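In the working numbering, the protein residues as written are 5 to 578.
Positions of the beta carbon are idealized from the N, C-alpha and C atoms, including for glycine.
All values derive from a computational prediction rather than experimental measurement.
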């Protein structure tokens, strides 16, 4: 059990507590001797238990691995966790791993929201100053299947494609079914396609995609599903184009449109390239007068066309026609749309409006009124008014439109004291009718630019008597027709108005408070420039007059009178 080895070392097997003590090693030769003393302590061996021993979990679940150590009480222990032999870096694992040490002799590993990549051998290593021991457990993670292998297109027809693929990883849960998806330039991303068989079981590796559109480019992919869920799709197949075929989709919403006289305008929604089924796509427009037998057919060779116009001088306005529109391509003729009845064009209005009148309302407004000429062919959808200044050409006219049956319009933003020429004409979808004979109207002169001056006022309680000098307009301004006195309580936005033809007025201030008063001239061209504001308090008793002054505070009592007056001019009268 105890052996001195050839190189001088001492080996003790099956050490026990009785082997503890101080050991002396002495070396001797002809020149002398040397010695060393070694102290030997014998500790209890460390043992660990890692539980559970084998785990099967599903993606998204969580687990706690528990590692307990039985060790000599005089020794400290340190725990280390590994995955597939590599130390776990708790800082870089995105919060999936957490080491929990609740007691000195045990440690737990929390694994949260498990992913497929977390499957493998988990090890717990316990180290003391005397020994190192470890244990392992295996974690198996079940999850959705991995992506199937390369998708190969085996055979193509005009509406089908036969596909094959290799299975991907089942991730410890058998694949129950496959799903085929397709993408084309006309689809919104990947779409599930119908297949034969309808359900593709997990043991199959080929199927046929059906009900595809002819002459369309497709790419395909396969998705596997098991009890856990649906996995990632395969890599897309190469792009293929289905074979050509006779088109099967006629145009939708065949209808009539407005046009010129003697025209039949046929419109439709163009067929998408997705449903044209081949090269050389076009339309066949068929029509006949209502009640007749033979169809007249016209070819429209543009695949983008959405309208066909048939003109015949012998066709009266609003003649009903039966119409249908079909499709064709290089493979043959497809179906026609359902028959609809539409009428030939009504044509543009043929007569000008009558009783056109223009009335000047202000410096910038003219009211234009008219009546529709009932003898005009072509029902109007509205009217257009053209207007231009006397010194301008009609070609430079500004234009404004009305809609429906309106018979008047107010022109605004015009120049003052200016003569305008005006015409009115009807219009509809087919075009414009002839204009009326021009009428004339001149805007009013501008209102006076001078404000009423030298305003004098005298206050008697809540009554304020005002007087001012008359306004004398300039030659290019409207004559004064009277005056407006505008007053409002301070802090309010709406003013009350008193109109007078004199240069004086009496204002009743109904409520207690400070009032703001202005005066302006009234003319055909509108209101003139307002006078500077005067501020007047409403109160009872006392009389005050002022030339352009503003009274701020006024208080009265039986024993005293106090007036605070901020003067705007040097003279004040009492």
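Scanning its chain for C-beta atoms nearer than 8 Å, with the 5 sequence neighbours on each side dropped, one finds around residue 501 the residues 488, 489 and 490, in chain order. Residue 227 sits away from residue 195, with the two beta carbons spaced by 9 Å or more. Contact between residue 172 and residue 153 holds: CB atoms are separated by about 6 Å, below the 8 Å threshold.
By the CB criterion at 9 Å, residue 462 and residue 472 fall outside the cutoff. A distance below 6 Å between beta-carbons, with the five flanking residues on each side excluded, links residue 290 to the following residues of its chain, in chain order: 299, 301 and 328. With a cutoff of 9 Å on beta-carbon distance, residue 430 and residue 355 are scored as near each other.
Residue 126 is not a Cβ neighbour of residue 161, given a cutoff of 9 Å. Taking residue 112 as the centre and dropping the five residues before and after it, the same chain places the C-beta of 68, 69, 70, 71, 103, 104, 105 and 106 closer than 8 Å to its C-beta, in chain order. If you compare the alpha carbons of 6, 247 and 224 with that of residue 239, the shortest gap goes to 224.
Taking each of 334, 390, 449 and 341 in turn and checking the Cα distance to residue 478, the smallest one comes out for 449. The residue from 177, 222 and 169 with its alpha-carbon nearest to that of residue 192 is 222. Assignment of beta-bridge partners to residue 30 by DSSP yields 39.
At the C-beta level, residue 341 and residue 258 come within 9 Å of one another. If you draw a 10 Å sphere on the C-beta of residue 424, you find 16 or more other C-beta atoms in it, and that means buried.
Counting only the Cα atoms, residue 230 lies some 57 Å from residue 19. Less than 9 Å separates the beta-carbon of residue 366 from that of residue 529. Between residue 324 and residue 346, the C-beta spacing is below 9 Å.
For residue 39, the closest of 521, 419 and 28 by C-alpha to C-alpha distance is 28. The Cβ atoms of residue 447 and residue 369 lie closer than 9 Å to each other. Judged by beta-carbon spacing, residue 163 lies within the 9 Å limit of residue 246, meaning their Cβ atoms are closer than that value. About 23 Å separates the CB atoms of residue 267 and residue 297; that is not less than 8 Å, and the two are not in contact.
Following the DSSP letters along the chain, one finds residue 430 inside the beta strand (DSSP E) bounded by residues 423-432. In this structure, residue 209 lies away from residue 272, with their beta-carbon atoms at least 9 Å apart. Between residue 390 and residue 313, the CB-CB gap reaches or exceeds 9 Å. When DSSP reads this structure, residue 114 sits in a beta bridge with 68 and 102.
Residue 82: member of the beta strand (DSSP E) spanning 82-87, first to last residue. According to the DSSP assignment, residue 508 belongs to the beta strand (DSSP E) that extends over 508-512.
Excluding the 5 residues flanking it on each side, residue 505 has same chain C-beta neighbours closer than 7 Å at 486, in chain order. The beta carbon of residue 360 sits closer than 6 Å to those of 374, 428, 440 and 443, all from its chain and outside the five residues before and after it, given in chain order.
Going by C-alpha positions, residue 64 is about 56 Å away from residue 309. Following the DSSP letters along the chain, one finds residue 132 in no beta strand (DSSP E), marked with neither H nor E. Under DSSP, residue 59 forms a beta bridge with 143. For residue 339, the enclosing beta strand (DSSP E) begins and ends at 336-340.
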